[in-house]
Amino acid sequence: MGGRIAARLAGALAGAAIVLPILVVVPVAFSEQSFVTLPPEAWSLRWWRAFFADPSWLSALVTSVQVAILSAALAVSAGTAAALGLPRLPAWGRALMNALALGPIVAPVIVLAVGVYALARSAGLVGSVWSLALAHAMLAVPYVILNVGVSIAALDPRLAQAAEGLGAGPWRVFRTVTLPSILPGVLGGGVFAFVTSFDEVVLAIFLAGPRVKTLPVRIWEEIRVEYTPVVAVAATIMIALPLLGAVVGRIGARRAA
Amino acid sequence: MSEVAFERVSKRFGGFEALAPLDLSVGAGEFVSLLGPSGSGKTTLLNICAGYLAPTSGRMRVAGRDVTALPPRRRNIGMVFQNYALFPHMNVFENVAYGLRVRKVAPAQIEARVGEALRSVRLDDFAHRAPRQLSGGQQQRVALARAMVIEPEILLMDEPLGALDKQLRKEVQLEIRRMHVARPRTTLYVTHDQEEALVMSDRIAVMRAGRIVQIGAARDLYARPADVFVARFLGESNLVAGAVIACEGETAALAAPGLPQPIEGRAAPGLKAGDKAAALIRPEHLRLRAGGLPARIVERVFLGEITALRLELSHGVELWLRLFGTDAPSRDDIEIGWDRQDVSILPEQEP
């Protein structure tokens with residue numbers, strides 16, 4: 016009996032430890048004060064007005080969404096193509112490609128950042144939305160490959176053969192038979208890629224330019240100068256948007272399934 | 224609808240010979256079953272015919288045209304798989320319409336042809352159901368309609384009834400047979416079930432280890448199997464092993480250890496004195512005969528209208544005898560015989 020209560024308590028504590036640091040920014044965002052206090056003594060929307068009145072915050076938000084959408088599109092295209100191709104490789108090729116694809120997960124992000132920065136500089140892409148999207152796509156591709164790979168493993172190869180036998184060419188087979196069957200995996204991979212890009216900060220700091228900054232970079236800059244609740248507003252948006260994306264993705268996946 | 228010819232077609236997977244070079248011709252509108260145990264190469268041959276597999280050597284002709292190098296989508300085949308392979312995200316109508324849409328048939332015509340195809344498999348009320356809402360038998364009939372609506376030159380079926388239970392299997396079997404009789408199409412049908420092959424085929428090709436052991440009409444294969452393997456695979460058989468002691472023209476005599484007299488019967492082609500062989504006596508050809516070989520009934524199996532009796536002869540020779548239930552003797556010690564023209568002397572299968 017006592018053991019059970021202790022176990023529940025420990026579970027609640029662990030849960031709080033995970034959720035609290037995330038949720039603590041939400042009340043702060045609705046604070047009335049000019050500095051961060053917990054809990055806020057008075058409530059207002061003043062920092063939300065401040066956030067949306069400041070073009071630098073707004074453009075950071077727009078850039079973040081742009082980069083996240085672009086990188087998700089890139090990662091989903093490349094990752095889905097890779098996941099489709101991998102099973103056709105001989106065993107040693109598959110092992111090699113799997114190891115390579117997992118590289119961005121295993122390698123320290125700072126090492127990737129240094130390398131990507133060098134490449135982006137020589138290509139003149141520092142400070143462009145494209146370099147950010149490409150770099151973030153690289154981070155997300157492994158997750159897309161894994162996600163879509165699971166769907167493909169569950170896919171009956173006879174379906175594609177049946178379509179082929181009925182006269183469909185490779186592109187038509189993909190569009191009308193393969194893609195609809197693996198769509199849940201593709202959408203899941205896309206949501207994951209979006210989130211990965213949206214909250215990524217290390218690569219974004221290296222690749223940001225004076226006019227192209229993502230929201231996490233802007234938060235990082237702001238917090239070094241002054242610590243006002245506007246940062247909490249930005250953080251709250253960062254929590255809410257991917258959550259919204261995940262919910263939409265889940266509903267989409269359920270429709271497709 | 225076209226005739227199909229395989230010419231010296233073979234297939235190797237690494238060191239494994241899945242198909243030895245073989246020749247097979249299927250006439251226009253003919254229904255040929257490939258019958259054999261798993262690993263005999265029958266599905267490999269079907270996949271080569273569909274274009275899913277490229278043969279290691281040899282060529283394949285459809286209506287005289289060499290199609291060996293053509294991909295499946297250019298072969299105009301109708302393929303039916305064991306697991307149906309219906310597109311799960313399309314309803315029954317769209318599944319059947321798929322091949323017609325690929326062929327850019329006009330919408331009004333698609334409507335008409337799909338409707339007709341679904342009527343032919345008695346599923347016209349199910350057009351808007353999802354495949355998973357149908358029973359296994361219904362799904363397989365949708366798959367049949369999908370394969371036939373495109374008017375394929377060849378219909379290919381890979382154990383299409385394998386996933387169905389016995390009752391449904393019978394139903395769909397007769398359905399396929401009925402459709403074939405109403406509208407003969409060149410058909411290759413893969414199965415390991417002898418009954419399926421017997422019910423539906425114009426000809427049966429019995430396969431073993433990548434080779435066609437024998438091909439012919441069901442009746443001929445049953446009455447004149449080429450060897451012990453074919454005899455075992457088609458129908459019930461009593462096989463008495465022994466050695467050929469005499470072989471003259473169409474007749475041979477086999478000495479079986481334990482039997483007082485040699486068994487005489489029709490000799491399989493190529494048989495010669497001294498060969499190891501077996502005498503095939505179908506259970507329905509054994510008769511009770513006063514003054515015949517003494518035998519003892521050791522088991523009685525009730526099969527409805529038929530009763531099967533397991534007999535023991537001298538020296539452990541065992542035979543099955545099938546009689547109408549009313550003819551079965553009540554005593555255990557009986558005397559049996561058979562007619563010489565009902566016996567075949569067959570070579571043992573090659574190792």
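Here the protein sequences come in this chain order: V and C.
Using the working numbering, you'd call the opening residue of the first sequence number 16 and step up by one each time.
Using the working numbering, you'd call the opening residue of the second sequence number 224 and step up by one each time.
Built from N, CA and C at the ideal position, the CB exists for glycine as well.
Quick one: is residue i near chain V, going by C-beta distance under 8 Å?
i      : result
C:G359 : no
C:A241 : no
C:I373 : yes
C:V566 : no
C:R296 : yes
C:N314 : no
C:N306 : yes
C:F310 : yes
C:P574 : Residue placement at C:P574 is poorly supported in this model, since its pLDDT is 45, which falls under 50; the coordinates still yield a value, given next. No, C:P574 does not count as interfacial toward chain V.
C:Y412 : no
C:G322 : yes
C:I300 : yes
C:A273 : yes
Which residues does DSSP list as the beta-bridge partners of residue i?
i      : result
C:F254 : C:T410
C:T530 : C:F525, C:L546
C:F236 : C:F239
C:Q437 : C:V429
C:K474 : Strictly speaking, residue 474 of chain C in this sequence is Thr, with Lys absent from that position. DSSP output for C:T474 lists C:E471, C:R489 as bridge partner(s).
C:V227 : C:V249, C:V285
C:G560 : C:R510
V:R270 : None, per the DSSP bridge assignment.
C:M302 : C:L379
C:E535 : C:R519, C:E541
Smallest Cα separation from residue i: which of the options?
i      : options                        : result
C:P407 : C:A251, C:A243, C:G497         : C:A251
V:G164 : V:G18, V:V227, V:R103, V:V245  : V:R103
C:A292 : C:E382, C:G497, C:T279         : C:T279
C:K265 : C:G465, C:H415, C:R510, C:E541 : C:H415
C:E398 : C:M423, C:L379, C:T410, C:I377 : C:M423
V:A96  : V:L73, V:F189, V:T229          : V:F189
C:L305 : C:Q362, C:A331, C:T530         : First, the amino acid is wrong: residue 305 of chain C is Gln here, not Leu. Looking at the Cα atoms, C:Q362 is the closest of the given residues.
C:A273 : C:G338, C:A454, C:P517, C:A370 : C:A370
V:A150 : V:N162, V:R136, V:L161         : V:R136
C:E471 : C:E459, C:V413, C:K495         : C:K495
V:A128 : V:M253, V:L28, V:P225, V:E215  : V:E215
V:A98  : V:G267, V:V156, V:A122         : V:V156
V:V41  : V:V245, V:R265, V:G267, V:R270 : V:V245
C:F349 : C:V319, C:R326, C:S256, C:L378 : C:V319
C:E382 : C:T409, C:Q390, C:V413, C:I373 : C:V413
V:L161 : V:A138, V:M112, V:R23, V:E236  : V:M112
C:V227 : C:T267, C:F236, C:V290, C:L242 : C:V290
Within 10 angstroms of the Cβ of residue i, are there 16 or more other Cβ atoms? Answer buried if so, exposed if not.
i      : result
C:P574 : Interpretation of C:P574 is limited by its pLDDT of 45, a score under 50 that renders its predicted location unreliable; the figure taken from the coordinates is listed afterwards. The residue in question, C:P574, is exposed, as its Cβ has fewer than 16 Cβ neighbours within 10 Å.
V:Y242 : exposed
C:G488 : buried
V:T211 : buried
C:I333 : buried
C:A261 : At residue 261 of chain C the sequence reads Ser, which differs from the Ala that was named. Answer is exposed; the Cβ neighbour count stays below 16.
V:I125 : exposed
V:V262 : exposed
C:T549 : exposed
V:V6   : With chain V represented from 16 up to 272, any question about residue 6 of chain V goes unanswered, as that position is not in the structure.
C:S343 : buried
V:S59  : exposed
C:H403 : buried
V:E56  : exposed
C:F452 : buried
C:K234 : buried
V:P11  : As displayed, chain V neither begins before 16 nor continues past 272, which places residue 11 of chain V out of reach and without an answer.
C:F310 : buried
V:L28  : exposed
C:L367 : buried
V:S71  : exposed
I want to check one thing, is the minimum distance from the CB of residue i to the heavy atoms of the ligand HEM below 7 Å?
i      : result
V:A110 : Looking for the ligand HEM in the displayed structure turns up nothing, as the structure carries no ligands at all.
For residue i, would you say it is in contact with chain D, using Cβ-to-Cβ distances shorter than 8 Å as the test?
i      : result
C:L536 : Of the protein chains in the structure, V and C, none is chain D.
Of the residues that make up the segment 167–195 of chain V, which ones have a beta carbon closer than 8 Å to any beta carbon in chain C?
D171, R173, L174, Q176, A177, A178, E179, G180, L181, G182, A183, G184, R187, T191, V192, P195
Residues within the segment 324–355 of chain C neighbouring chain V, beta-carbon criterion of under 7 Å
V325, R326
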